[in-house]
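What follows is a single structure, written as structure tokens, with notes after it.
Residue numbers (our numbering): 455 to 893.
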């Protein structure tokens, strides 16, 4: 039986999961692939760590170059993460004519264009299913299952840490700090959670998805990013009273010659499928011009869900090698290279959506008319007004829901309102996304 030889660089949490699947499910993979997928080498800086795996003698090594430069290795799997060493390693593997598998979303979001170009020129594949959505087959769906569709939009929850925190605030009335501490205690959040809670991890994923869906170069720098650290139980409670749930959404829309790509806390209607996605689970709704709406759902992180996606890439590449298929049979970025364009991302100030506003207003006559007057001056039409809660230091919370308005007008109006002497604190803004898949 023919062997496909794999070299794994990085044997941390996900790397260990990959090794376990390849070793423990060896007979299953043989039955499905028709070849022996052999874990020939595993490189890691910590050779003494107990990973619960018994490697054959000589498999576990410290020097990753022994894998990259080994002519017998067919597929290199990069699991070290980060932007520096991982970039150099993948580039070296490509130059040596090896196919590469990675789950490194940050690297692809920042340096993907260069890496994909290098792989194309060398005629090797760079596979990255695990970079977005963990075990959800998002990349495969966009590149293969929906190949006959013009993708019109993608809206989803792409960070399990944030979704867990928002779920705990919603269900238990916790503060952001309390929910974050619980997430950290359960291993769902890092000691420094900035990448997750401020939305940057989600932005990395959306940059990759938008490129795949719309035939554009990877563009991270123009994605608007806003995290969840400013979300309060009060606003989540108001959202519930109005029939909404607050989620950190990745929103991408295709307008042909430009796209929207934004990350921010969003109110979604309770009859929306995404409102029921709780805990550390991810979900993505995709709208295609032929299939309509569809939804992918599953664990977006963790040892085995992510490792499962990595192994699916290894198997895809192994099947290509076995069948003699030419590399790049399926374009890495979904479109043929000469059809990938630089598409502009709509600035956040130019988007139109619905809004939730909360003002801390003095409890005296004429305040509402002053606030409404400023909003009207900027062309912002109010759908409903609610005065909720008890007076605090002479102020009461006033909540307004708007019709569709332009973001730059909203920002200007709130700046004016925040400077008024009848408003006691900075106004709160949360965007509302009405145009999403319903149950």
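Think of the CB as a built atom: it goes at the ideal place given N, C-alpha and C, for glycine as much as any other residue.
The segment 595–606 makes no contact with the segment 690–698, as fewer than three CB pairs between them are under 8 Å.
In this structure, the CA atom of residue 566 is about 7 Å from the CA atom of residue 672. Looking at the DSSP output, residue 610 bridges to 704, 738. Only residues of its own chain outside the window of five on either side were considered, and among them 671, 672, 787 have a CB closer than 7 Å to the CB of residue 665, listed in chain order. Where residue 539 is concerned, the enclosing alpha helix (DSSP H) starts and stops at 539–549. Following the DSSP letters along the chain, one finds residue 556 inside the beta strand (DSSP E) bounded by residues 553–556. By DSSP's assignment, residue 643 forms no beta bridge with any residue. Sequence-distant partners of residue 863 (beyond 5 residues in either direction) whose C-beta falls short of 8 Å from its own C-beta, in its chain, are 832, 833, 834. Beta-bridge pairing by DSSP links residue 532 to 463, 556.
Per DSSP, the continuous alpha helix (DSSP H) segment holding residue 655 begins and ends at 654–668.
Beta-carbon to beta-carbon, residue 625 and residue 678 are separated by about 28 Å, too far to satisfy the 8 Å threshold. In the DSSP annotation of this structure, the continuous segment of the alpha helix (DSSP H) that includes residue 694 starts and ends at 687–695. Taking the C-beta atoms as reference points, residue 588 is found no nearer than 8 Å to residue 742. The beta carbon of residue 657 is closer than 6 Å to those of 677, 679, 717 in its chain, skipping five residues each way along the sequence. Of the candidates 482, 470, 483, 826, the residue whose Cα lies closest to the Cα of residue 496 is 470. Residue 554 has its alpha-carbon roughly 7 Å from the corresponding atom of residue 544. In this structure, the straight-line span from the alpha carbon of residue 662 to that of residue 563 is close to 6 Å. Taking 4 residues as the minimum length, the alpha helix (DSSP H) runs contained wholly in the segment 784–869 are 821–831, in order along the chain. Taking a contact as a CB-CB distance under 8 Å, the pair residue 764 and residue 557 counts as one, their CB atoms being some 6 Å apart. It is roughly 9 Å from the alpha-carbon of residue 722 to the alpha-carbon of residue 885. About 7 Å separates the beta carbon of residue 530 from that of residue 463, a gap short enough to meet the 8 Å contact definition.
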